[in-house]
Amino acid sequence: MGIEEQFRRFEKFIKTDLPAQKSLHLDKISQDLSAGIRETPEGNFLVKETIYGPGDLHGQFSFSDLDLSHPLRFDSFSCPPDEGTFNLKNIVVIDTETTGLSGGVGTVPFLVGLGFFRDGTYVVRQHFLPDYSEEHGFYKYMFDDLPGNMIVSFNGKAFDLPLLTNRFLIQRTGSEFFSRKHLDVLFTLRRFFRLKLPDCTLKTAERALLEFERLNDIPSEQIPQTYFNYLQTGETSEIYQVIKHNIWDIVSTMGVMVELERYVESAEKMDKLSDVDSWAIGKFYLQRKDYDRAFSSFSRSEGTEQEFHFKNLFQASMISKKLCDFETAVSYWKMLSESFNPHYFAALEEMAKLFEHRSREFDKAISCCRRALDSIYQVSQLHDQADFEQWQTRFSHRLSRLQTKSSKSK
0 MGIEEQFRRF
10 EKFIKTDLPA
20 QKSLHLDKIS
30 QDLSAGIRET
40 PEGNFLVKET
50 IYGPGDLHGQ
60 FSFSDLDLSH
70 PLRFDSFSCP
80 PDEGTFNLKN
90 IVVIDTETTG
100 LSGGVGTVPF
110 LVGLGFFRDG
120 TYVVRQHFLP
130 DYSEEHGFYK
140 YMFDDLPGNM
150 IVSFNGKAFD
160 LPLLTNRFLI
170 QRTGSEFFSR
180 KHLDVLFTLR
190 RFFRLKLPDC
200 TLKTAERALL
210 EFERLNDIPS
220 EQIPQTYFNY
230 LQTGETSEIY
240 QVIKHNIWDI
250 VSTMGVMVEL
260 ERYVESAEKM
270 DKLSDVDSWA
280 IGKFYLQRKD
290 YDRAFSSFSR
300 SEGTEQEFHF
310 KNLFQASMIS
320 KKLCDFETAV
330 SYWKMLSESF
340 NPHYFAALEE
350 MAKLFEHRSR
360 EFDKAISCCR
370 RALDSIYQVS
380 QLHDQADFEQ
390 WQTRFSHRLS
400 RLQTKSSKSK
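Using numbering that gives the first Met the number 0, the first residue of the sequence shown is number 0, and each one after it goes up by one.
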């Protein structure tokens, strides 16, 4: 049963007329928030615009460095790959502040911020719901007169867009805005920086990538109660803090998106990558089955962080094997088998398989198996033998088979 059918089934039980709220003087609120009043037949709401010019900074992120026509590749962000390009003039960044953080049916977005470029400046246009009774007009007209054809958000696929879609449905209105292509920056941030940052919140990302530090920011968990206080008292001083918080969210989302694209683009041109970067970028291309770029990333691991360096070497070897570049694959397996590491036994096994089945050099394959079994005996004196039983079984079985093959071939 679709959501529209469910709504029709239960709408007779739903009280669509919300309780009358305290009458609030829009002119005073408009003046307090330095916002204009948008009057519509279905309800009135406030609109506030904040402009960032070419000379402005957001932390160390400079608007003067932006080339609005520079093509950004979809495949820098998407997995699976998405062909084509877009530029900054195509995007509208969206962020909402709501009456609840869980996103349930009763949660109402009371502040919807939209960020876009207009005439060389970055505009943050915010729509504020002054009262529940104005909700229909608030949703019906908030997406009017927007440029571009693409949505950018931070966790918007899981929170902002589903929440807005539900409220539009309840208010029996719609918008072409929801049919736009949607890039959620959070997914890209996690993909490349999950191992480098303590967490993947927007505040952490803006601090690391934009060097932007929020001062006197209202905590997100206090925002719903701030709106409820406003509805009761009409006092807007705390609402101004919410507006500032929303502006920062929108500008940071755009800035983080730009820096992530620069990160991927610059990584392709560097001779060496940090081991963590090599792993993150290599995995990204490997998941997309872009084996050439994946190999390029894994093979440029600089070797200072051993855990990831060994992972990178092994992945480079397995890509070489997949591409039938066995000479390169063997060179990596030999490197991995020079010292004990998490891929030591896997490297010896891969070499043994290659020598057994492809080059039929049984003596070399037998040598790999014996090296592995000798190493298992040595490390089992220092570690729990159970940790190596599986390897011991596999190499013993392979050695027995190889010895039989070798004797028959002579």
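The beta-carbon is built from N, C-alpha and C at its ideal position, and this holds for glycine as well.
Helix, strand or coil for K195, going by three-state DSSP, please let me know. coil
Answer yes or no: do L32 and F127 have a C-beta to C-beta separation smaller than 8 Å? yes
Entirely enclosed alpha helix (DSSP H) segments - the stretch 272-356, minimum 4 residues: 274-286, 290-298, 305-321, 325-335 and 343-356
Just the Cα atoms here: how many angstroms apart are Q402 and D373? 17 Å
Would DSSP call L17 helix, strand or coil? Unreliable positioning characterises L17 in this predicted model, as indicated by a pLDDT of 42, which lies under 50. A coordinate reading is not provided.
With 16 other CB atoms within 10 Å as the buried threshold, where does R166 fall? buried
Q59, enclosing beta strand (DSSP E) - first and last residue: That residue, Q59, is in no beta strand (DSSP E); it is neither H nor E in DSSP.
Simplified DSSP state of L45, which is helix, strand or coil: strand
How should I50 be labelled, buried or exposed, when 16 other C-beta atoms within 10 angstroms of its C-beta is the threshold for buried? exposed
Between which two residues does the alpha helix (DSSP H) harbouring H396 extend? E388 to S408
Excluding the 5 residues preceding and the 5 following K137 in the sequence, name in chain order all residues of the same chain whose CB lies nearer than 7 Å to its CB. Checking the sequence shown, residue 137 turns out to be Phe, not Lys. Here the set comprises G42, F44, H126 and L128.
Let me check you understand the geometry: is the CB of V151 closer than 7 Å to at least one non-hydrogen atom of the ligand SAH? Ligands displayed in this structure: none; no statement on the ligand SAH is therefore possible.
In whole angstroms, give me the CA-to-CA distance for W278 and H308. 8 Å
Counting only runs of 4+ residues fully inside the stretch 80-122, write out the alpha helix (DSSP H) ranges in chain order. none
Does the contact criterion of 3 or more C-beta pairs under 8 Å hold for the stretch 300-314 versus the stretch 256-275? yes
Quick check on T84: buried or exposed, where buried means 16 or more other Cβ atoms within 10 Å of its Cβ? exposed
Please report the distance separating the alpha-carbon of L87 from that of E388. 56 Å
Looking at the secondary structure, which residues open and close the alpha helix (DSSP H) in which H244 lies? S236 to A266
Report yes if the C-beta distance between E48 and V123 is below 8 Å; otherwise report no. yes
Between the alpha carbons of E96 and V107, how many angstroms are there, rounded? 9 Å
Does E355 pass the burial test, meaning 16 or more other C-beta atoms within 10 Å, or should it be called exposed? buried
Hey, could you find the ends of the alpha helix (DSSP H) I217 is sitting in? Counting along the chain, I217 falls outside any alpha helix (DSSP H), and DSSP gives it neither H nor E.
Could you tell me the alpha carbon to alpha carbon distance between V263 and K407, rounded to whole angstroms? 53 Å
D94 and T252: beta carbons closer than 8 Å? yes
With distances taken between CB atoms, is the gap from P53 to F60 smaller than 8 Å? no
On the DSSP bridge list, what partners appear for H181? I150
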